[in-house]
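End of the sequence shown = 265 in the numbering used here, gap-free, step of one.
Don't be surprised by glycine CBs; every beta carbon is placed ideally from N, CA and C.
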Amino acid sequence: MDTAPGYFECLFIGSDHNGHILKEQLLDYFQRMYPTKVIINIGTYNINRFVDYPDIVKEYKKGINKMKTRLNFDNPLCILIGKTGIGMSIAANKIKTVRAAVCNTMNDIFSSKLYNNINTLCMGNNITYTEIIKIVESFLKLEFEHDKVHEKCIKKIHKV
106 MDTAPGYFEC LFIGSDHNGH ILKEQLLDYF QRMYPTKVII NIGTYNINRF
156 VDYPDIVKEY KKGINKMKTR LNFDNPLCIL IGKTGIGMSI AANKIKTVRA
206 AVCNTMNDIF SSKLYNNINT LCMGNNITYT EIIKIVESFL KLEFEHDKVH
256 EKCIKKIHKV
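Next comes the structure, spelled out in structure tokens:
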């Protein structure tokens, strides 16, 4: 498996009921743009059913545990979508080795990816489709700045 920064072989994608429509749009996008990649839909599967965002994050954790030995935690792993993305981020950051951030702007994704090397992108459902695609593509392709200060901080995060 390739371990180059920004490379992804497998990507989880999940949403609560608030992010379901956006998640389905992204699934269509990935099918067109990345047909050879494995995209794992971890729910929700129905816009009409209320789903708590921690339940989606729990499915993400199960997926990570099943594939742990095959995942590179320095590469993009998951996109989680909710009303704001904040709850998803809080829940996802409870999973060991996950570095999740809410990125609803290009500035957010640049800072989060370059300086914090996030592997989980959380977003709200109130962004235009064009902006979402820019943010998602940046998440997938931006490379972490291997600055000693940033690397030291990430190591400290994992020791908290």
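Quick check on residue i - is its C-beta less than 7 Å from some C-beta in chain C?
i, result
"Lys128", "The structure shown has no chain C; it contains just one protein chain."
May I have the straight-line CA-CA distance separating residue i from residue j, to the nearest angstrom?
i, j, result
"Asn230", "Ile186", "7 Å"
"Ala205", "Arg137", "26 Å"
"Lys199", "Gly119", "16 Å"
"Val265", "Lys201", "10 Å"
"Ile240", "Gln130", "14 Å"
"Leu247", "Leu116", "16 Å"
"Pro159", "Asn170", "16 Å"
"Asn212", "Leu219", "11 Å"
"Val254", "Asn153", "46 Å"
"Tyr150", "Asp133", "14 Å"
"Phe178", "Asn224", "7 Å"
"Glu236", "Gly190", "15 Å"
"Glu114", "Asn221", "21 Å"
"Ile214", "Leu182", "15 Å"
"Glu256", "Ile262", "10 Å"
"Glu242", "Thr233", "14 Å"
"Ile195", "Lys166", "13 Å"
If I follow the unbroken alpha helix (DSSP H) through residue i, where does it start and stop?
i, result
"Val162", "Tyr158 to Met172"
"Gly124", "Per DSSP, Gly124 belongs to no alpha helix (DSSP H) and is neither H nor E."
"Cys258", "Lys253 to Lys264"
"Val207", "Segment Ala205 to Val207 is the beta strand (DSSP E) holding Val207; no alpha helix (DSSP H) there."
If you count every other CB in all the chains shown that lies within 10 Å of the CB of residue i, and 16 or more means buried, which is it?
i, result
"Cys258", "exposed"
"Phe155", "exposed"
"Asp121", "buried"
"Lys128", "buried"
"Ala140", "What sits at residue 140 in the sequence shown is Pro, not Ala. Exposed."
"His125", "buried"
How far does the beta strand (DSSP E) with residue i in it extend, from its first residue to its last?
i, result
"Val143", "Val143 to Asn146"
"Thr225", "Thr225 to Gly229"
"Leu185", "Cys183 to Gly187"
Who are the near neighbours of residue i in its chain, counting only those whose CB is closer than 7 Å to its CB and skipping five residues on each side?
i, result
"Glu164", "Gly119, Ile147 and Gly148"
Residues in its own chain within less than 6 Å of residue i by CB, not counting five upstream and five downstream?
i, result
"Met193", "Tyr158, Leu185, Gly187 and Cys227"
"Ser217", "Ala206, Cys208 and Ile223"
"Val203", "Ala197 and Thr225"
Starting from the C-beta of residue i, find all residues in its chain whose C-beta is less than 8 Å away, skip the five residues before and the five after it, and write them out in chain order.
i, result
"Phe275", "A query on residue 275 cannot be resolved here, the shown segment of the chain reaching from 106 to 265 and no further."
Three or more C-beta pairs under 8 Å: does that hold for the stretch 142-160 against the stretch 205-219?
no
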